[in-house]
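Taking this note's numbering, the leading residue of the sequence shown gets 48, the next gets one more, and so forth.
Beta carbons: idealized from backbone N, C-alpha and C, even for Gly.
Fair warning: this is a prediction, and the values are worked out from it, not measured in the lab.
Notes follow the structure.
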Amino acid sequence: MAFNAEINSLAALVQRMAEESGNPQDFDTRSCLDHGLVSFVSGLGQRRPLDILKQPGGLDLLRGLLLPAQSGTFS
């Protein structure tokens with residue numbers, strides 16, 4: 048299913064970000080991602096990332112929000 052592939056892609060991105068940001072030894076990527084996908088996000092107009100992911104271009108939008116978070120830069 049394509050939707051699962053998109054979630055797996057985000058999980059891989061979050062895992063890579065954790066590895067690059069420090070010691071990911073006790074970091075539970077999937078739990079963090081699962082929680083984040085169903086939480087309402089002000090930067091998404093109080094929508095859930097899971098709902099955005101279901102829309103065309105949603106994966107790219109979410110990647111674009113995650114990557115600056117790693118360095119602490121937000122636009």
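- Scanning the region 66 to 99 from its first residue to its last, the whole alpha helix (DSSP H) runs of 4-plus residues come out as 76 to 85.
- Close CB contacts of Phe74 within its chain, under the 6 Å cut and outside five residues either way in sequence, are with Ala65 (chain order).
- Under the three-state reduction of DSSP, Pro103 is assigned to coil, being neither helix nor strand.
- Just so you know, the alpha carbons of Ser56 and Leu109 end up roughly 11 Å apart.
- About 4 Å separates the beta carbons of Gly105 and Ile99, which is inside the 8 Å limit, making them a contact pair.
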